[in-house]
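So in the UniProt record's numbering, the last spot in the sequence shown is 203, and the numbers never skip.
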Amino acid sequence: MAKSVFRFLSRHPDTPEISGERHIMRLPLYADYKAWMTLRSQSRAFLQPWEPTWRPDELTESAFRARVVRATQEHASGVAMPMLLFRRDTMELLGGLTIGHIRRGASQSCMVGYWMGEKHSGQGHMLAALEMAIPYIYGGLQLHRIEAACIPDNWKSIRLLEKAGFEREGLLRKYLKINGEWRDHVIFSRLPEDGEFAKMLNT
């Protein structure tokens with residue numbers, strides 16, 4: 001995890017864009033619709049087993065415009081940052097990562113969720129996205145705890161979270177309705193003293 005990324009984000013904690021060496025994450029724009037619709041459509045069979053049931057209008061432009069408005073409002077109110085992930089050199093859309101359920105007060109925590117286009121899966125892009133998001137969450141948003149949950153048989157997601165320094169905490173029974181069924185989820189967490197971020201703080 002590059003120190004320069006963390007320092008940049010520390011100076012600009014309110015920016016809706018997070019940059020790394022090979023990737024950029026930012027809030028969605030209306031202009032992203034075609035690329036988003038194409039990637040989500042091509043990846044439907046790949047994504048649906050792990051997501052809530054898609055609505056009939058899921059891929060329409062009007063639904064995407066509503067998504068953009070909601071993302072802007074959630075970021076402005078400080079409750080979530082639903083971002084799209086792009087390859088930095090070509091600005092090709094790869095997937096998305098959301099810093100959501102941001103809680104202040106005694107909790108100071110959030111939940112991360114993510115998706116990746118099928119043709120970009122298994123190439124390290126989402127691990128890079130998490131490694132960009134983690135220092136921003138701790139240093140920019142000043143949060144203490146990051147949570148993530150995934151279905152127990154989603155071994156790719158479990159391996160990803162473990163590589164990113166998350167610790168398994170337990171099982172949430174019938175936690176979310178995924179693809180039409182209430183599914184158990186494994187809950188993971190990450191604290192500032194875990195992994196690479198702790199090393200950065202001590203250098």
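Just so you know, even glycine gets a beta-carbon here, dropped at the ideal spot from N, CA and C.
| Where the alpha helix (DSSP H) containing M132 begins and where it ends | On the sequence shown, residue 132 is found 132 positions in, with the first residue counted as 1. H125 to P135 is the extent of the alpha helix (DSSP H) around M132.
| request: Please determine, among G140, G180 and L160, the residue with the shortest C-alpha to C-alpha distance to E17. | output: By one-based count along the sequence shown, residue 17 stands at place 17. Per the Cα distances, G140.
| Short check: CB of M126 to CB of L160, under 9 Å? | As a working note, residue 126 is residue 126 in the sequence shown. As a working note, residue 160 is residue 160 in the sequence shown. Yes, the pair counts as a contact, with Cβ atoms nearer than the cut-off.
| request: Would you mind working out which of L143, L85, R44 and E169 sits nearest L27, comparing C-alpha positions? | output: Translated into positions along the sequence shown, residue 27 becomes position 27. When each option's Cα is compared against that of L27, the closest is L85.
| task | Taking all protein chains shown into account, decide if R183 is buried (16 or more other Cβ within 10 angstroms of its Cβ) or exposed. | result | In the sequence shown, counting from the first residue as 1, residue 183 sits at position 183. Result: buried.
| said: Measuring only the C-alpha atoms, how far is V186 from E167? | reply: Your numbering for residue 186 matches position 186 in the sequence shown. Your numbering for residue 167 matches position 167 in the sequence shown. Rounded to the nearest angstrom, the two C-alpha atoms are 10 Å apart.
| message | Between the alpha carbons of P192 and A31, how many angstroms are there, rounded? | response | By one-based count along the sequence shown, residue 192 stands at place 192. By one-based count along the sequence shown, residue 31 stands at place 31. Roughly 36 Å separates the two Cα atoms.
| request: For L172, collect the residues of the same chain with a Cβ closer than 8 Å to its Cβ; drop the 5 residues on either side in sequence, then sort them by chain order. | output: Stepping through the sequence shown from its first residue, residue 172 is reached at position 172. Only A149, D184, H185, V186 and I187 meet the Cβ criterion.
| query | For V112, does the count of other Cβ atoms within 10 angstroms reach 16, so buried, or fall short, so exposed? | reply | Within the sequence shown, the letter at position 112 stands for residue 112. So V112 counts as buried.
| message | Are the CB atoms of A45 and R55 within a distance shorter than 9 Å? | response | The residue labelled residue 55 in the question sits at position 55 within the sequence shown. The residue labelled residue 45 in the question sits at position 45 within the sequence shown. Not in contact: R55 and A45 (Cβ atoms no closer than 9 Å).
| CA-to-CA distance, A66 to Q73, given in whole angstroms | The residue labelled residue 73 in the question sits at position 73 within the sequence shown. The residue labelled residue 66 in the question sits at position 66 within the sequence shown. Going by the C-alpha atoms only, they are around 11 Å apart.
| query | If you run the structure through DSSP and keep just helix, strand and coil, what is A149? | reply | On the sequence shown, residue 149 is found 149 positions in, with the first residue counted as 1. Reduced to three states, the DSSP call for A149 is strand.
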